[in-house]
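Q:
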Amino acid sequence: MMASTRFGSRELDRTAIVLLIFVVSMLPYTSDFIFFHPDERHYVQGALNMLDTGEFLTPKTGEGEDRLTKPPITYWMSAGGLKLLGSGVPGMRAAWLVMAIAIVLLTFRLALIVTKNGDTAFLATALLVSNFVFIRATFNAIPDLPLCLFMLIAMIGFTRLLFSQSPRPSDAWEAYGGIALGILTKGLLPLVLLAYALLSATIFKPFQENARRLIAPVPMIVSAVVAASWFVYQFFRAPDILVGQFVGDQITQKIGFSFSTVTENALFSFGALIVPLTGWLFVIATASASSRRRPGLSQTGLASWFLAGWICLNILIFLPGSSYYHRYMIPSVPAFCVLVAIALTSLPADTVRTHLRRLFKLGLAGAALVMAALAVIYGLILSPWAAALFIVAILIASVLFLKAARSDETGIIAGALAALPLVIFQSCTPLAYDVVMPDLGKVIAESAVIRESQPDAVVFVGEPRLAVMAQVQSGHVKPFKQVASLSELAQVTPKTAPRAIVTLNEDTAKQLAESGFDITTLHGGWRKIDAGLLLQAIVSRKVGAYRQQYGDRAYLASAPN
């Protein structure tokens, strides 16, 4: 075990430093569409519609139709950010960065509740911030991260109710309130956690000692009313749409039980948990072999087994799914990080430190190769001052990392190991901006014709995602018109058509040109990248020209002046 058995300022300071590195690394990706998840269009479009109409209980599509596949909290979070920061990518994603910070701090708290060990709590947060599944969720404005937040709050509440020696009245509010908010975020999964907690306290004898604490009438009733309120409202308002969309999304469209799907989903589930922490798990394996001791959870009592049971149930619940995504495991990622941290601290501290240092040095060697390659690339594509600044920053980071590698404190080595992938990720950002940016949505939004047009005078043909990317960066809360094909527009001529028509399809653009429209080709970032061509672009110092030639493009049709 690590020497520390108390929670002090040292652990908080280290957590704050790692969290700061995490936030700085995420800022570019929460501020621009370097990455854009296809599902984000539903939530930002619904949020903008809510701000436009004042109807916050019924999410809408860009065409004005009800979208009840998911409850409204995710839309509200995007709407809140857009209202506070204004229309744009930072506004739509701001809440997700705040939630990610909260999840890191709550993971620290959960680990502290379970272990009463500040070093283990810090280690759990280090594992979380370096987890690429969690990182990816931080800059996607979809329900996964808010669901993770609310279910983590609920897990903390249930853990304290069942295992704390000094429970507080707020524990029940956290447990049941977290479940209610989780239901209003993504649907039924939080009910599985609720059932798991109640059944565990009823069926398993070791958990029965504090089972009575789970009976908290006021928090239970209030949370049930909150969770049910939106569904009751929509049931009386649009029962067919609610049943068809929500039940289909949650159950009927997701079940596809077969041996192949179960096997595939199991592999994806374990992969989503294990692959991001492969290095840390390797340290557990090698430290265990060296010390001839098995890692375990027994030193933390029943609470860690409660977390382990929930993770297993989270895996099982998605096994019969007809489709699977690694992000389905995000609600279990904080708990899994806590368990891995417990397993690490169950082994001799000196042995763990030795093997962590070896892994860190191996990571430094790999990072050195990446940084050397980036230094050469930036020397070719950036200005001399920018390239020099990058090299100076890398030299400073290298000194700090080498100092951490020589430390005798496990926490410092672990924190540096967690920070290493974040620093590499951040170091790649200038290259990402130079190659994949600007996104087409921003280029369209900044074009003169679009800036001078009202949303109902602009039509996007064929690609709804592009319409949303342009809308959120145009300053308009009203949606642009969207059609699947040009045939949906009656009598398309420069005199009768909308002021601007946007399409990604070159054939559609040619058809509009033949009808008398002026066609402007808009160039965006280079996202479908061929590695050989990218290398040629960098070596020849012509990234801009290659981006212009091979990058994304849209066609803007407007009436001739």
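At position 548 of the sequence shown the residue is numbered 547 (numbering that gives the first Met the number 0), and the sequence of numbers has no breaks. Positions of the beta carbon are idealized from the N, C-alpha and C atoms, including for glycine.
Who pairs with residue 65 in a beta bridge, going by DSSP?
A: 59
Q: Three Cβ pairs or more, each shorter than 8 Å: is that satisfied between the segment 291 to 308 and the segment 342 to 361?
A: yes
Q: Taking the continuous alpha helix (DSSP H) assigned at residue 441, which residues delimit it?
A: Boundaries of the alpha helix (DSSP H) around residue 441: 439 to 445.
Q: DSSP on residue 352, reduced to helix/strand/coil?
A: helix
Q: Could you tell me which of 208, 246 and 178 sits nearest to residue 222, measuring between CA atoms?
A: 178
Q: Using the three-state DSSP reduction, which class does residue 325 fall into: helix, strand or coil?
A: helix
Q: Just how far apart, CA to CA, sit residue 391 and residue 398?
A: 11 Å
Q: Which residues bound the alpha helix (DSSP H) around residue 477?
A: That residue, residue 477, is in no alpha helix (DSSP H); it is neither H nor E in DSSP.
Q: Check whether the segment 304 to 320 and the segment 274 to 292 are in contact - that is, three or more C-beta pairs closer than 8 Å.
A: Short answer: they don't touch.
Q: Who are the near neighbours of residue 101 in its chain, counting only those whose CB is closer than 8 Å to its CB and skipping five residues on each side?
A: Cβ within range, chain order: 148.
Q: Please state the DSSP three-state secondary structure of residue 552.
A: strand
Q: Count the other CB atoms within 10 Å of the CB of residue 394; is the residue buried (16 or more) or exposed (fewer)?
A: The residue in question, residue 394, is exposed, as its Cβ has fewer than 16 Cβ neighbours within 10 Å.
Q: Kindly confirm or deny that the segment 130 to 139 and the segment 32 to 42 touch, where touching means at least three C-beta pairs closer than 8 Å.
A: As far as the Cβ criterion goes, the segment 130 to 139 touches the segment 32 to 42, which means the pair count is three or higher.
Q: Under DSSP, the alpha helix (DSSP H) around residue 106 begins and ends at which residues?
A: For residue 106, the enclosing alpha helix (DSSP H) stretches over residues 88 to 114.
Q: For residue 522, does the three-state DSSP call read helix, strand or coil?
A: strand
Q: Taking only the alpha-carbon atoms, compute the straight-line gap between residue 3 and residue 167 and give it to the nearest angstrom.
A: Summary for residue 3: the model assigns pLDDT 40, below 50, so the residue's position carries little reliability, and this model does not support an answer.
Q: Between which two residues does the alpha helix (DSSP H) carrying residue 307 extend?
A: 301 to 316
Q: Assess, as a yes-or-no matter, whether the segment 521 to 531 is touched by the segment 433 to 447 under the definition of 3 or more beta carbon pairs within less than 8 Å.
A: yes
Q: Exposed or buried, which one is residue 311 when buried takes at least 16 other CB atoms within 10 Å?
A: exposed
Q: In or out: residue 124 buried (at least 16 other Cβ within 10 Å) or exposed?
A: buried
Q: Looking at the strands, I want to know which residues DSSP matches up with residue 500.
A: 458 and 556
Q: Around the Cβ of residue 480, are there at least 16 other Cβ atoms within 10 angstroms (buried) or fewer (exposed)?
A: That one is buried.
Q: When DSSP builds the beta bridges, which residues end up paired with residue 482?
A: 460
Q: Buried or exposed: residue 478, going by 16 or more other Cβ atoms within 10 Å of its Cβ?
A: Result: buried.
Q: Compare the Cα-Cα distances from residue 539 to each of 426, 483, 180 and 380 and report the closest residue.
A: In terms of CA proximity to residue 539, 380 leads the group 426, 483, 180 and 380.
Q: Rounded to whole angstroms, what's the CA-CA distance from residue 192 to residue 309? Just pull it up for me.
A: One C-alpha to the other measures close to 7 Å.
Q: Could you tell me which residues DSSP pairs with residue 517 in its beta bridges?
A: The partner list for residue 517 (beta bridge, DSSP) reads 557.
Q: What residues in its chain sit with their C-beta under 6 Å from that of residue 329, if we drop five residues either side in the sequence?
A: 136, 143 and 147
Q: Specify the secondary structure class of residue 436 as computed by DSSP and reduced to three states.
A: Coil, per DSSP.
Q: Looking at C-beta atoms only, is the number of pairs between the segment 493 to 512 and the segment 417 to 427 that lie closer than 8 Å three or more?
A: No: fewer than three Cβ pairs fall under 8 Å.
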